[in-house]
Structure formats: structure tokens, C-alpha cells
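In this note's numbering, the protein residues as written are 118 to 517.
Put into C-alpha cells, the structure is as follows:
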């Protein structure tokens, strides 16, 4: 059985993200030649000229503005893996989806034009990918045809991008020169760069690592709803067995699992990702939606946390907001702005209002305790969203 891996494709506008994905879809055989010709005909009638980026646009019927305008998932397989690619404009949607759990990526392909080099969105996208927990980056140096395949131009961009990645703290990265528009050095070895050893797809299979499940994960789940002596919840980490003693937080209630089922079928054990129905005995009260249940582990119950956030609108210290961690929610205030950064410029400041599209480290005070875990250990219980009357203000992760 092949490994499965999710990869996000990021980079500055017009550096070739969608063109690269279109090429991968066609050259891998995911898009058949007959379908491609139909797309080509439709595009030429509408725009006059076909580009491989139009494959994605046509699949999602999003050609307005000639750029991808929402997150989209595409798939293709190699001999080693089944890849799911997440293509997005890279502004707010990717961070929002990663930090709310709607999307999950284990690696990133950062597309950089050899002509334009590092631009504002190059820095922003790389920093945001690192912010949401991605630690491995494949840099596709695109448009090599525009510089006549010169190795010195590739090395120049390689040095520039390396300095940028090291500045933001990325430790694992690799470079590959390509021409997406010509399909050069993507699936087939380059006809123009005899100094380049491996294709993009070969490097993907060799460089990217699928994160392995860690041992000794805490046994944690979240209550979705309850009725009578039954509780339905999602296992977020570890596993639960019949006979386990459960602790519910923040209520402090306890009980023992007498029966359990997954997808309506009785079972002896439920593991991470399962939605499980539990019949629990010994409960001296009713649990609430959003509570965390645990076995052989004491959940972290916090009234004040340090969070790293990305803002979608302005964030004001001292103003009342609501913090949402999964289905749990609690009133909160931003008690201190410890640090803020413009991801386009990598410039840091302290205090004051956090403007839109900024990264910040903040202290958050809550009116009552909420269970929240380290983002690196249990991501689903370590991420949160803060809302106000205007909607979602920011998404973030618990760091201390």
C-alpha cells in the first residue's frame, strides 16, 4: 500500500504555482489527453491562448482574474506515494484552513521564479507555512527557460532563497530547477540542464518524509454531544478501550466506559480519528459539548495562555473576544501583545494594535478555564480561532 502525503503549493503570484500543478496533473496521466484537448479548446475560445494553469481553473470553473482564487485539492501518484496537492492563493485561506483543521499538509513546494526571485509573498507564504507546522520545503526554481537554463542564475536564486529560509528558521529544504511551462525537469530529466541530477518528482519522493505517528500519545477526545448515559466524541490522540476510566475537563466529571461503538458497530477500542459512541457509568453530572475526555492523562486546563496568531482583521488589546477551540468556546481578552511581525518584511515590533495580516505572539486571558494542549503534540487541541462581532479575527496555536 502506497504512502499518502498532503503537500501545499505556495509562492508569489505569477511565479508558476498553478502552471506547475497543471503540468503534474497532465504529465502524470491524471488528466487524460482527450480531457486536456477539451479544456484547451474551451480556454482558447474564451482567452485566445491556452496555459497549463488553466487546467486547474477549468476544473474548478475559476478563471476570473487568471489566478486560483480558493483552495483546491488535486491528486496524483508516483511509484512510492499518493500525493494530494493543496493549491491556494496563500493569503488567508491556507492559514484559516490549516489552523481550523479543514486542511492538513505535511510538506510544501515553494515555487520561485528565477527571473523575479524572492518577493513579498514568497516570504509571507514560507513564513505562514512554517507557522502552521510545516517543516520541509522543496523549492522549485521555475522559469529556467527565461534565463536560457544558466546554472549561475539558478545558483543566484538558490543563495537568495536559502538566506530567506534560514532567517525565518526553516531547517529542512532542497532545490530543483524547472520550467513548468515547458514541462522540463518535472517528470522527465531536463533536456537543457545536464548539470541537474534529478527531476522534481524524483526529489519529492526522496526528500519528503511522511510524519510517523509518535508513540506514547496522550489518550484524548472531544465531546460532540451527549444524551442519557451515552456520549459521542472524536478521538483526537491515542486510543480508548472498554473499561477505561475517563476524566472529563473542565467539568472534572469521571466515569467508566461500559460499552463503545464506531460507525454503529460495537468495538473494544477506538483510535485517533474515530468518532466513537460511549456508554459511561458512574457519572455524577452531565458533560457539555466541547469538553475533553482523557484516560491515564491529565488534560491542561488554562485560564491564561500564550498564543501565536495570524490576524484576518485588526486585533485590539483589552477588547473582549470569544476563543474557540474546536467545539468549545470561552470569552477572552488579549491582555498583552508580546511581539508582532509583518510576514512580508519579516520586521518585528511590540505592543499596540495588531494590524490585519500580521503574525503575533500574544497573552490571552479567559473568563473561565478551557482545555488546550501543545500544538506540536496534539494539533487539534492546540489550535484555536478568536472571533468578534466582525467574524473571525485571527487563528492561532497554543505555545505556552
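We put the CB at the ideal spot given by N, CA and C, even for glycine.
Asked, Found
"Local Cβ density within 10 Å of residue 361, reported as buried at 16 or more and exposed below that", "buried"
"Identity of the residue in 285, 261, 233 nearest residue 243 by Cα", "285"
"Supposed contact pair residue 259 and residue 225 - C-beta distance, whole angstroms, cut 8 Å", "15 Å between Cβ atoms; not a contact."
"Backbone CA spacing between residue 498 and residue 202 [nearest angstrom]", "25 Å"
"N-terminal and C-terminal residue of the alpha helix (DSSP H) that residue 491 is part of", "Where residue 491 is concerned, there is no enclosing alpha helix (DSSP H), given that its DSSP letter is neither H nor E."
"Separation of residue 506 from residue 430, as counted between CA atoms", "11 Å"
"Terminal residues of the beta strand (DSSP E) in which residue 262 lies", "First-last for residue 262: undefined, no H or E at that position."
"Contact check, residue 470 vs residue 453, beta carbons under 8 Å", "no"
"Inter-residue Cα distance where the pair is residue 504 and residue 510", "5 Å"
"Assigned exposure category for residue 133 - 16 Cβ within 10 Å defines buried", "buried"
"Every unbroken alpha helix (DSSP H) inside the region 315-384 [4 residues or more]", "317-324"
"Simplified DSSP state of residue 238, which is helix, strand or coil", "helix"
"Straight-line gap, residue 354 to residue 472 (C-alpha atoms, nearest Å)", "35 Å"
"Start and end residues, alpha helix (DSSP H) containing residue 496", "496-499"
"Host beta strand (DSSP E) of residue 439 (start-end)", "437-442"
"6 Å Cβ shell around residue 486 - same chain, five flanking residues per side excluded", "367, 418, 420"
"Residues that residue 412 bridges to, as DSSP identifies them", "336"
"Exposure of residue 513, with buried meaning 16 or more beta-carbon neighbours within 10 Å", "buried"
"Straight-line Cα distance separating residue 494 from residue 334", "8 Å"
"Best match in 449, 442, 484, 427 for proximity to residue 456 [C-alpha to C-alpha]", "427"
"Three-state secondary structure (DSSP) of residue 247", "helix"
"Beta-bridge partners of residue 107, as assigned by DSSP", "Because the chain spans 118 through 517 in this model, residue 107 falls outside it and cannot be assessed."
"Contact with chain D by residue 294, beta-carbon distance below 8 Å", "Among the chains in the structure shown there is no chain D, since it carries only a single protein chain."
"Limits of the unbroken beta strand (DSSP E) element including residue 396", "392-398"
"Member of 274, 268, 279 whose CA lies at the smallest distance from the CA of residue 233", "274"
"Counterpart residues of residue 289 in DSSP-defined beta bridges", "253"
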